[in-house]
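Read through the structure below, which is laid out as structure tokens, and then see the notes.
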Ligand code: GLC
Ligand code: CA
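In this note's numbering, the protein residues as written are 190 to 725.
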């Protein structure tokens, strides 16, 4: 079942920031429709679009109040149906984003629960004496409802109450949502924080702590995913689960063909190598030794088990990779291309997040008033309460906030970066005059053209799509290298993650350069150089 995805690449759209068709400053479905030819030009097969369902937008659509209707801010059902059909005509398929761990507190189920209807109280997780847990967005994970005399669990914002998957009725409701969108012609699904759906038994007896840490890969999670996939008949479609703080063993199960669960998983360990002592809200340069260790463990482990990984640096929850692991000033192009190659030539399915293909950077906001994300705003307060100065707290946000990845897509150097004719909902980085689609279409050496090339190479070379993977020793912590092998074909990929010339030992670089970001091969790796060498 996985075979058909192996040569494909996925493009992720954050709808609110992709393209605004009506000048209200908010991206929308008709905006996506107008850019389908652009997406097609990248060579991708699937498009994951973040939630555009009815929502009060407390978490930008990850708080759904009606799973079967389109939020009017993004368009109509008719627009949505046209979008699906038009992508289909271009040979691409949409993956819709199912937020099933929680609903909005404005969902009718939750409203009925709050009104005291016992049937719906059991759709959520209400407790009399809950343990003291903190939520992932900061603050308590429980909210007390005086009229019921109970508190409900919200692993995220209080406006995102967690669903009770142990209730078979809840599982049936959610299956119906999947069937609904499947019938509309959607080709796959992304499932939001899916490994948090099964909560531990006997919640009230658990100690205090971080709620998220208690609620991951829970007792019935595999059973529930298998049931969902089986009863909705999506086993042949492309499906990806977002798995938070998970383990290799769990992800092998989630994505192994024998388990009949998902095509692949997102996991995030590689995006925590710049968290000091595991804390996101700190500043630390990436630990490259750890980055290599994580990738080699997961790539080789998944490969051995026949399971499949989703490959990515960026999404709407992450800062921009060129600002994070590259050098957006001195080696902008070089580092963006190196990072892209590293991901695209690994074993798994690569995801390109809108604007990543342009080398879009972090936002460089310098005032708290520029931030919009609930998580950033909460943690700013938390840091300030702890005595962190305004200057330092803003510095942390400038590097860590999710808003860095959510600034509008930079289409051209005109008004609103070509994203909107009006006033954009979120600030646009000043560099849009230089970093944008139009400029990069005219530059033969652009990051955009390089991404297109990577997507094409995956379709052309079996060794990229399906080869085995093994990490190599380079004798240098700043240079990470791996090989892919398939039959007699061998691809060696060497990546310099530093801004200096670096020496590499013990790697055979004979062969043909398939792609690279400098010309020729040399004894030293240049700053952020990547070399992919094909040996047959
Ligand atoms: C996922 C989404 C994120 C959202 C969270 C809660 O991590 O990607 O944007 O805030 O789930 O739904
Ligand atoms: Ca709009």
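By construction, the Cβ of each residue, glycine as well, lies at the ideal position given by its N, Cα and C atoms. From a predicted model like this one, the values you see are computed outputs, not experimental measurements.
Based on the DSSP output, what are the partners of residue 243 in its beta bridges? Here residue 243 refers to the residue found at position 54 of the chain shown. In DSSP, residue 243 forms a bridge with 255.
Taking 8 Å as the cut-off, is the C-beta of residue 366 nearer than that to any heavy atom in ligand 1? On the chain shown, residue 366 is found 177 positions in, with the first residue counted as 1. Incorrect: residue 366 has no Cβ contact closer than 8 Å to ligand 1.
Residue 190 to residue 645 span [Cα, whole Å]: Stepping through the chain shown from its first residue, residue 190 is reached at position 1. Stepping through the chain shown from its first residue, residue 645 is reached at position 456. Confidence at residue 190 is low in this model, with a pLDDT of 44, below 50, so its placement is unreliable and the value that follows should be read with caution. So the two alpha carbons sit approximately 22 Å from each other.
Quick check on the DSSP output: the alpha helix (DSSP H) that includes residue 532 runs from which residue to which? Looking up residue 532 in the chain shown gives position 343. Per DSSP, residue 532 belongs to the alpha helix (DSSP H) from 521-533.
With a CB to CB cut of under 7 Å and the five nearest residues on each side skipped, what residues in its chain are close to residue 615? As a working note, residue 615 is residue 426 in the chain shown. Closer than 7 Å at Cβ, skipping near neighbours: 206, 561, 592, 595, 596, 597.
Which word fits residue 701, buried or exposed, when buried means at least 16 other C-beta atoms lie within 10 angstroms of its C-beta? As a working mapping, residue 701 is identified with position 512 in the chain shown. Looking at its Cβ environment, which holds fewer than 16 other Cβ atoms inside 10 Å, residue 701 is exposed.
Please identify the residue among 705, 383, 422, 419 whose C-alpha is closest to the C-alpha of residue 530. Start at 1 with the first residue of the chain shown, and residue 530 comes out as number 341. Among 705, 383, 422, 419, the Cα nearest to that of residue 530 belongs to 705.
So, with DSSP's three-state summary, where would you put residue 283? One-based indexing of the chain shown puts residue 283 at position 94. Three-state result, residue 283: strand.
To the nearest angstrom, how far is it from the Cα of residue 287 to the Cα of residue 387? Residue 287 sits at position 98 when you count from the first residue of the chain shown. Residue 387 sits at position 198 when you count from the first residue of the chain shown. Using only the alpha carbons, I get a separation of about 16 Å.
Output needed for residue 478: all residues of its chain with C-beta closer than 6 Å, excluding positions within five of it in sequence on either side, in chain order. As a first step, residue 478 must be located in the chain shown, where it is residue number 289. Taken in chain order, the residues that qualify are 666.
Neighbouring residues (CB closer than 6 Å to any heavy atom of ligand 1): 248, 251, 288, 345, 381, 382, 431, 505, 506
Check whether the Cβ of residue 607 sits closer than 8 Å to any heavy atom of ligand 2, and report yes or no. The sequence position of residue 607 within the chain shown is 418, counting from 1. No; taking the cut-off as 8 Å, the Cβ of residue 607 has no heavy atom of ligand 2 nearer than that.
Closer than 6 Å to ligand 2: residues, by C-beta to nearest heavy atom, in chain order: 209, 210, 211, 213, 215, 217
Local Cβ density within 10 Å of residue 240, reported as buried at 16 or more and exposed below that: What you label residue 240 is simply residue 51 of the chain shown in a count that begins at 1. Buried is the call here.
My output table needs one value for residue 236: the three-state DSSP class, helix, strand or coil. Position 47 of the chain shown, counted from the first residue, corresponds to residue 236. It is a strand residue.
DSSP three-state call for residue 561: helix, strand or coil? Translated into the one-based positions of the chain shown, residue 561 becomes position 372. DSSP places residue 561 in coil when its eight states are reduced to three.
Which of the three DSSP states, helix, strand or coil, is assigned to residue 684? On the chain shown, residue 684 is found 495 positions in, with the first residue counted as 1. Strand.
Residue 630 to residue 210 span [Cα, whole Å]: As a position in the chain shown, residue 630 is number 441, starting the count at 1. As a position in the chain shown, residue 210 is number 21, starting the count at 1. Roughly 22 Å separates the two Cα atoms.
Going by the beta-carbon positions, is the gap between residue 232 and residue 493 smaller than 9 Å? By one-based count along the chain shown, residue 232 stands at place 43. By one-based count along the chain shown, residue 493 stands at place 304. In this structure, residue 493 does not lie closer than 9 Å to residue 232 by Cβ.
Label residue 465 either buried or exposed according to how many other C-beta atoms from any shown protein chain fall within 10 Å of its C-beta, with 16 as the threshold for buried. Numbered from its first residue, the chain shown carries residue 465 at position 276. Residue 465 is exposed by the Cβ-count criterion.
Between residue 658 and residue 536, is the Cβ-Cβ spacing less than 9 Å? Mapped onto the chain shown, residue 658 falls at position 469. Mapped onto the chain shown, residue 536 falls at position 347. For residue 658 and residue 536, yes; Cβs fall inside 9 Å.
Nearest to residue 389 by CA position, among 698, 377, 355, 378, is which residue? By 1-based counting over the chain shown, the position of residue 389 is 200. Comparing Cα-Cα distances from residue 389 to each of 698, 377, 355, 378, the minimum goes to 355.
Do residue 181 and residue 212 have their C-beta atoms closer together than 9 Å? Nothing can be reported for residue 181: it is not among the residues displayed for the chain, which extend from 190 to 725.
Cβ neighbour criterion (16 or more within 10 Å) applied to residue 279: Looking up residue 279 in the chain shown gives position 90. With fewer than 16 other Cβ atoms within 10 Å, it is exposed.
Quick check on the burial criterion: 16 or more other C-beta atoms within 10 angstroms. Buried or exposed for residue 578? Translated into positions along the chain shown, residue 578 becomes position 389. Label assigned to residue 578: exposed.
Pick helix, strand or coil for residue 701, following the three-state DSSP scheme. Residue numbering aside, residue 701 sits at position 512 when the chain shown is read from its first letter. Strand, per DSSP.
Delimiting residues of the alpha helix (DSSP H) encompassing residue 440: Position 251 of the chain shown holds residue 440. Segment 437-444, the alpha helix (DSSP H) holding residue 440.
How about residue 586 and residue 565: do their beta carbons lie closer than 9 Å? Counting from 1 along the chain shown, the entry for residue 586 is found at position 397. Counting from 1 along the chain shown, the entry for residue 565 is found at position 376. Cβ atoms of residue 586 and residue 565: closer than 9 Å.
Please list the terminal residues of the continuous alpha helix (DSSP H) segment that includes residue 430. The sequence position of residue 430 within the chain shown is 241, counting from 1. Careful: residue 430 lies outside any alpha helix (DSSP H), inside the beta strand (DSSP E) at 427-431.
Based on the DSSP secondary-structure assignment, which residues constitute the bridge partners of residue 691? Numbered from its first residue, the chain shown carries residue 691 at position 502. Beta-bridge pairing links residue 691 to 714.
I'd like to confirm something about residue 289: is its beta-carbon nearer than 8 Å to some heavy atom of ligand 4, or not? The model depicted lacks ligand 4 and carries ligand 1 and ligand 2 instead.
Buried or exposed (CB count within 10 angstroms, at least 16 for buried), residue 716: One-based indexing of the chain shown puts residue 716 at position 527. It is buried - the Cβ of residue 716 has at least 16 other Cβ atoms within 10 Å.
Measuring only between beta-carbons, confirm whether residue 719 sits less than 9 Å from chain B. Judged by its chain identifiers, the structure shown contains no chain B, having just a single protein chain.
Would you list the one or two residues that DSSP bridges to residue 499? Sequence index remark: in the chain shown, residue 499 carries index 310 (1-based). Residue 499 pairs with 538.
Would you mind sorting residue 544 into buried or exposed? The rule is 16 or more other CB atoms within 10 Å of its CB. For the purposes of this step, residue 544 is taken as the residue at position 355 of the chain shown. Its Cβ being crowded by 16 or more others within 10 Å, residue 544 is buried.
Classification of residue 234 by the beta-carbon crowding that lies within 10 angstroms, buried from 16 upward: As a first step, residue 234 is located in the chain shown; it is residue number 45 there, counting from the start. Label assigned to residue 234: buried.
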